[in-house]
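In the numbering used here, each number is its position in the sequence shown, counted from 1, plus 259.
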Amino acid sequence: MENRWNRTDAEAFDGPLGSCVYASRLLGSEPSLVLHGGGNTSVKVIDHDLHGEQMEVLWVKASGHDLATIEPAMFVALRLDRIRRLVALDQLSDAAMANELRVARIDASAPTPSVEAILHAIVPATAVHHTHPDALLAIANTPDGREKIEELYGARVVVVPYARSGFLLAKATADAIGRLSMADTVGIVLMNHGLFTFGGSSDEAYSRMIDLVTEAERHLERSSAAAAGKRAKSPSVGPIRGVGAAALAKLRSEISTVAGAPVIMSRHTDATSWAFSQHQDLENLAARGPATPDHVIWTKTVPMFGRDVEQYAARYRSYYEQHKPRAPTSSMLDPAPRVIFDRELGMLTAGPDVGGADRARDIYLQTIWIIEQATALGGYTTLSPEDFFDVEYWELEQAKLDRASVARNFTGEVAIVTGAASGIGRACAVELLEHGAAVVGLDLSAAVATVSDAPAYLGVACDLTIPGAVVAAIDAGVERFGGVDMLVAAAGVFPDSAPIAVANPDAWRRAMSVNVEAFVHLLSVVHPLLVLAPRGGRVVVIGSKNVAAPGPGAGAYSASKAAANQLTRVRVNSVHPDAVFDTALWTDELVAERAARYGLTIDEYKRRNLMGIEITSSDVAGVVAAALGPVFSCVTGAHIPIDGGNDRVI
Ligand SMILES: [Zn+2]
Numbered sequence: 260m261e262n263r264w265n266r267t268d269a270e271a272f273d274g275p276l277g278s279c280v281y282a283s284r285l286l287g288s289e290p291s292l293v294l295h296g297g298g299n300t301s302v303k304v305i306d307h308d309l310h311g312e313q314m315e316v317l318w319v320k321a322s323g324h325d326l327a328t329i330e331p332a333m334f335v336a337l338r339l340d341r342i343r344r345l346v347a348l349d350q351l352s353d354a355a356m357a358n359e360l361r362v363a364r365i366d367a368s369a370p371t372p373s374v375e376a377i378l379h380a381i382v383p384a385t386a387v388h389h390t391h392p393d394a395l396l397a398i399a400n401t402p403d404g405r406e407k408i409e410e411l412y413g414a415r416v417v418v419v420p421y422a423r424s425g426f427l428l429a430k431a432t433a434d435a436i437g438r439l440s441m442a443d444t445v446g447i448v449l450m451n452h453g454l455f456t457f458g459g460s461s462d463e464a465y466s467r468m469i470d471l472v473t474e475a476e477r478h479l480e481r482s483s484a485a486a487a488g489k490r491a492k493s494p495s496v497g498p499i500r501g502v503g504a505a506a507l508a509k510l511r512s513e514i515s516t517v518a519g520a521p522v523i524m525s526r527h528t529d530a531t532s533w534a535f536s537q538h539q540d541l542e543n544l545a546a547r548g549p550a551t552p553d554h555v556i557w558t559k560t561v562p563m564f565g566r567d568v569e570q571y572a573a574r575y576r577s578y579y580e581q582h583k584p585r586a587p588t589s590s591m592l593d594p595a596p597r598v599i600f601d602r603e604l605g606m607l608t609a610g611p612d613v614g615g616a617d618r619a620r621d622i623y624l625q626t627i628w629i630i631e632q633a634t635a636l637g638g639y640t641t642l643s644p645e646d647f648f649d650v651e652y653w654e655l656e657q658a659k660l661d662r663a664s665v666a667r668n669f670t671g672e673v674a675i676v677t678g679a680a681s682g683i684g685r686a687c688a689v690e691l692l693e694h695g696a697a698v699v700g701l702d703l704s705a706a707v708a709t710v711s712d713a714p715a716y717l718g719v720a721c722d723l724t725i726p727g728a729v730v731a732a733i734d735a736g737v738e739r740f741g742g743v744d745m746l747v748a749a750a751g752v753f754p755d756s757a758p759i760a761v762a763n764p765d766a767w768r769r770a771m772s773v774n775v776e777a778f779v780h781l782l783s784v785v786h787p788l789l790v791l792a793p794r795g796g797r798v799v800v801i802g803s804k805n806v807a808a809p810g811p812g813a814g815a816y817s818a819s820k821a822a823a824n825q826l827t828r829v830r831v832n833s834v835h836p837d838a839v840f841d842t843a844l845w846t847d848e849l850v851a852e853r854a855a856r857y858g859l860t861i862d863e864y865k866r867r868n869l870m871g872i873e874i875t876s877s878d879v880a881g882v883v884a885a886a887l888g889p890v891f892s893c894v895t896g897a898h899i900p901i902d903g904g905n906d907r908v909i
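The following block contains the structure:
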């Protein structure tokens, strides 16, 4: 592992806390050290209180932040003596520990410190870093892992047997440290968990982390020539032929049912997870649980093998009932799987939102690598089901789940938005993302790819009039998010205006092709998926004021929009915007020409409705989001004008 400490870069960060922030980011940007909020860092400094008296201060990472993107404000300053003394207690309940950590803050409004704060406090060194390195876990999680670690590192590390994070782990570590001189010691290996390194400065603690991990990597290279090597991104095997989107949507629907809410489910096509899904000893290996305990809240202990969701849920319920006496006040988490292996589908991951599904993917790809390395060293061993249960049902771990996902209207649901590159379609895509939906944007324009850089967005450039392209785009959306709950049909063309007597037949055909035929085909592709939507599928068609009140010369557009609406009377709702000028349909010249035709100024033309207001794409998107939401759950076939009031009739 490369030591990426750069003196010039480090100097941009101020003081000991600044160096700690810099080191944290370097550690956090190395996925083979920490993933998704894992790991923590600290630095001890001397400061003065309001009376000018000297005090020792521990700056430690606040709970729930990613090291890769950490800022100084995400560290908490604690009175070191107060925290250090806690380890002398025989017992300390979680509630009492949380209270002590809160009252030891120098700034009462600072965030909640990491649950490892006590451990950081008792390590007799200025800078302390903690990660979960892949290479170290691969060696430690083997039948004689402890001996291998002691042989590899000798007196440089203290080895601490597994204990749950927080007070128990700090206590176990204090015992281990107390029995040693610590003179040559630069690190602490926590069996089945991870590594601490420390030093007189963040630079030193960081360098020691890199050195110890590099030695673990070299050990793996020496010991298991065949499987060795750094964890590398593997090439994609691509979509697997013969697996229909409906099979994925059905599985996601069943998982959502046992989860009690819609889930996002992603299918993975990288070669690593595919090969593992075909492994002959898959069930035996993967059922042993994750390589470090706090991954259990994202992946659950055991993946699902095959597609029998009910059976998986039944087993999870009995696992919970069996161990519940260990956490009598707990209530059961949802019994739905987070990681799924299927011989035909490969690896899939699920979560309450895209972040959850992606986290499970990243963690499991790491787990596969560790399982393979450990197997080559003699076998993959992990904690007992009791230990995993204790972490999974530990209040302080579950708090991470709450922080990770804020439920919004459409959390866990998936929307297809056509015409998403600009105008009303784009505004709808953005609005639905803000309401928590995952969005698949389709558009002829390549700009659809860049509507949002959120992981919950997938933009696919596609010509909706080419049936094969539509099927491929919807398949891509379902592989990424698991199904389709909502469709917003906003794509449309508005041909050049012409009186019917001189109308161009090509313009007519183009309007019918995009506004009617492509929409009908899209519905036929999406309908089998919408019927599998956990909360029921919803469609909103962006119609037009022209459906009820066609403008002069807009024959092709009006007729095409009206035809499309005849298809939607029974099961979907339509909104009919009028005069929305921030869309691709309108250019400045077109607005000027239309205004002139009505004998109005441009401003008058833009506000030519009863309320005298101008209507924007985002006004339309707001109504679309409402029509897709629970308020409209009993409404279908509605036609909702969004036009500021219109008194014109045909
Ligand atoms: Zn840890």
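For each residue, glycine too, the CB sits at the ideal point set by N, CA and C.
Three-state secondary structure assigned by DSSP to residue i
i: Tyr412; result: helix
i: Asp702; result: strand
i: Arg866; result: coil
i: Ile725; result: coil
i: His835; result: strand
i: Arg797; result: strand
i: Asp646; result: helix
i: Arg620; result: helix
i: Ser589; result: coil
i: Tyr716; result: strand
i: Ile599; result: strand
i: His301; result: Position check: residue 301 holds Ser in this sequence, whereas His was assumed. Note: Ser301 maps to strand in three-state DSSP.
i: His389; result: strand
i: Pro370; result: coil
i: Leu317; result: strand
i: Val419; result: strand
Short Cβ contact (8 angstroms threshold) for residue i with residue j
i: Glu690; j: Ala886; result: no
i: His582; j: Glu645; result: yes
i: Val799; j: Val747; result: yes
i: Leu723; j: Ala750; result: yes
i: Ala384; j: Gly459; result: yes
i: Val598; j: Thr558; result: yes
i: Val729; j: Ala679; result: no
i: Val673; j: Phe600; result: no
i: Phe891; j: Asn832; result: yes
i: Leu294; j: Asp612; result: no
i: Ser461; j: Ser288; result: no
i: His694; j: Arg662; result: no
i: Ala508; j: Leu788; result: yes
i: Gly682; j: Asp529; result: no
i: Thr634; j: Leu544; result: yes
i: Ala414; j: Asp443; result: yes
i: Glu330; j: Val280; result: yes
i: Gly548; j: Phe648; result: no
i: Leu345; j: Ile305; result: no
Segment limits, beta strand (DSSP E) that includes residue i
i: Pro758; result: First-last for Pro758: undefined, no H or E at that position.
i: Thr608; result: Gly605 to Gly610
i: His310; result: Where His310 is concerned, there is no enclosing beta strand (DSSP E), given that its DSSP letter is neither H nor E.
i: Pro900; result: His898 to Ile901
i: Asp443; result: Counting along the chain, Asp443 falls outside any beta strand (DSSP E), and DSSP gives it neither H nor E.
i: Arg338; result: Phe334 to Arg338
i: Met921; result: The requested residue 921 does not occur in the structure, where the chain is confined to residues 260 to 909.
i: Ala843; result: Neither: Ala843 is in no beta strand (DSSP E) and is coded neither H nor E.
i: Leu791; result: That residue, Leu791, is in no beta strand (DSSP E); it is neither H nor E in DSSP.
i: Thr328; result: Here Thr328 belongs to no beta strand (DSSP E), and DSSP marks it neither H nor E.
i: Thr456; result: Gly453 to Gly458
Residue i - containing alpha helix (DSSP H), residue span
i: Gly274; result: Gly274 to Gly287
i: Phe891; result: Unbroken run through Phe891: none, as it is neither H nor E.
i: Val472; result: Ser461 to Ser482
i: Glu873; result: Element bounds for Glu873: n/a, residue is neither H nor E.
i: Glu580; result: Val568 to His582
i: Ala762; result: Element bounds for Ala762: n/a, residue is neither H nor E.
i: Asp353; result: Asp353 to Val362
i: Gly437; result: Phe426 to Gly437
i: Asp268; result: Arg266 to Glu270
(message) Extract the residue ranges of the beta strand (DSSP E) inside the segment 518-563, only unbroken runs of 3 or more that lie entirely within it.
(response) 523-527
(message) Could you tell me which whole beta strand (DSSP E) segments of length 3 or greater appear in the segment 655-685?
(response) 673-677
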